[in-house]
Amino acid sequence: MIALIEQKKASIADLCRQHEVRRLDLFGSAARGDFQAEKSDLDFIVQFQRTGYAGYADAFLEFADALEQLLGRKVDLLTERMIRNPYFRATVEASRQIVYEN
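Numbering follows the numbering used here, with no gaps: position 30 of the sequence shown is 30.
Next up, the structure:
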(Lines of atoms letter the chains of each structure in order from A and count residues from 1; the text may use other names and numbers.)
(Lines give C-alpha, C1' and ligand atoms only; values in the text may rest on other atoms or scores of the structure.)
Protein backbone atom coordinates (compact mmCIF):
# COMPACT_ATOMS: atom_id res chain seq x y z
CA MET A 1 0.00 0.00 0.00
CA ILE A 2 1.43 3.36 -0.99
CA ALA A 3 2.54 5.96 1.55
CA LEU A 4 -0.24 8.40 0.58
CA ILE A 5 -2.90 5.94 1.73
CA GLU A 6 -1.00 5.06 4.91
CA GLN A 7 -0.53 8.76 5.76
CA LYS A 8 -4.21 9.57 5.19
CA LYS A 9 -5.66 6.42 6.80
CA ALA A 10 -7.22 8.26 9.77
CA SER A 11 -8.80 10.86 7.47
CA ILE A 12 -10.03 8.11 5.15
CA ALA A 13 -11.61 6.36 8.15
CA ASP A 14 -13.35 9.60 9.16
CA LEU A 15 -14.63 10.01 5.61
CA CYS A 16 -15.88 6.41 5.57
CA ARG A 17 -17.80 6.94 8.81
CA GLN A 18 -19.34 10.18 7.48
CA HIS A 19 -20.51 8.40 4.31
CA GLU A 20 -21.71 5.23 6.06
CA VAL A 21 -19.13 2.96 4.44
CA ARG A 22 -18.93 -0.59 5.75
CA ARG A 23 -15.70 -1.48 3.96
CA LEU A 24 -13.20 0.17 1.62
CA ASP A 25 -10.54 -1.82 -0.23
CA LEU A 26 -7.63 -0.64 -2.34
CA PHE A 27 -6.55 -2.59 -5.41
CA GLY A 28 -4.43 -2.09 -8.50
CA SER A 29 -1.06 -0.41 -8.77
CA ALA A 30 -1.31 1.40 -5.42
CA ALA A 31 -1.85 -1.94 -3.67
CA ARG A 32 0.66 -3.91 -5.75
CA GLY A 33 3.51 -1.45 -5.33
CA ASP A 34 3.96 -0.40 -8.96
CA PHE A 35 2.13 2.93 -8.48
CA GLN A 36 3.46 5.79 -10.62
CA ALA A 37 2.74 9.10 -8.91
CA GLU A 38 2.74 11.10 -12.13
CA LYS A 39 0.11 9.00 -13.94
CA SER A 40 -1.56 6.35 -11.75
CA ASP A 41 -5.03 6.73 -10.30
CA LEU A 42 -6.30 5.09 -7.12
CA ASP A 43 -8.63 2.10 -7.41
CA PHE A 44 -11.08 1.31 -4.60
CA ILE A 45 -13.97 -1.05 -3.94
CA VAL A 46 -16.61 0.32 -1.57
CA GLN A 47 -19.36 -1.38 0.36
CA PHE A 48 -21.90 0.93 1.98
CA GLN A 49 -23.84 0.14 5.14
CA ARG A 50 -27.11 1.05 3.46
CA THR A 51 -28.61 -1.59 1.20
CA GLY A 52 -31.57 0.23 -0.34
CA TYR A 53 -31.54 2.22 -3.56
CA ALA A 54 -32.86 5.46 -2.07
CA GLY A 55 -30.02 7.94 -2.34
CA TYR A 56 -27.47 5.27 -3.26
CA ALA A 57 -26.23 7.00 -6.42
CA ASP A 58 -25.80 10.29 -4.58
CA ALA A 59 -23.92 8.56 -1.75
CA PHE A 60 -21.65 6.77 -4.23
CA LEU A 61 -20.81 9.89 -6.23
CA GLU A 62 -20.37 12.10 -3.15
CA PHE A 63 -18.01 9.55 -1.56
CA ALA A 64 -15.96 9.22 -4.76
CA ASP A 65 -15.65 13.01 -4.97
CA ALA A 66 -14.71 13.30 -1.30
CA LEU A 67 -11.99 10.64 -1.71
CA GLU A 68 -10.55 12.49 -4.71
CA GLN A 69 -10.47 15.75 -2.77
CA LEU A 70 -8.86 14.13 0.26
CA LEU A 71 -6.22 12.22 -1.72
CA GLY A 72 -5.61 14.86 -4.37
CA ARG A 73 -5.81 12.49 -7.33
CA LYS A 74 -8.27 10.67 -9.57
CA VAL A 75 -10.15 7.83 -7.91
CA ASP A 76 -11.84 4.89 -9.62
CA LEU A 77 -14.52 3.68 -7.23
CA LEU A 78 -16.25 0.34 -7.79
CA THR A 79 -18.68 -1.88 -5.93
CA GLU A 80 -18.57 -5.69 -5.82
CA ARG A 81 -21.53 -5.87 -8.20
CA MET A 82 -19.64 -3.84 -10.81
CA ILE A 83 -16.92 -6.50 -11.09
CA ARG A 84 -18.52 -9.13 -13.32
CA ASN A 85 -15.67 -10.23 -15.54
CA PRO A 86 -13.97 -13.24 -13.87
CA TYR A 87 -10.53 -12.32 -15.25
CA PHE A 88 -10.80 -8.77 -13.96
CA ARG A 89 -12.07 -10.10 -10.61
CA ALA A 90 -9.03 -12.38 -10.33
CA THR A 91 -6.74 -9.41 -11.01
CA VAL A 92 -8.54 -7.34 -8.38
CA GLU A 93 -8.41 -10.12 -5.79
CA ALA A 94 -4.67 -10.60 -6.36
CA SER A 95 -3.89 -7.08 -5.12
CA ARG A 96 -6.86 -6.22 -2.89
CA GLN A 97 -6.09 -4.70 0.53
CA ILE A 98 -8.47 -3.49 3.23
CA VAL A 99 -8.16 0.23 3.94
CA TYR A 100 -11.21 0.57 6.22
CA GLU A 101 -13.67 -1.86 7.77
CA ASN A 102 -16.47 -1.14 10.20
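Ideal Cβ placement from N, Cα and C applies to all residues, glycine included.
- Query: What residue range is occupied by the uninterrupted beta strand (DSSP E) comprising E101?
  - Reply: 97–101
- Can you say whether I98 is buried or exposed, counting buried as having 16 or more other CB atoms within 10 angstroms of its CB? exposed
- Query: Touching or not, the stretch 85–100 and the stretch 17–37, by the rule of three or more beta carbon pairs under 8 angstroms?
  - Reply: yes
- Bridge partners - Q47, DSSP secondary structure assignment: R23
- Message: Measuring straight from C-alpha to C-alpha, what distance separates A13 and L61?
- Response: For A13 and L61, the gap between their C-alpha atoms comes out near 17 angstroms.
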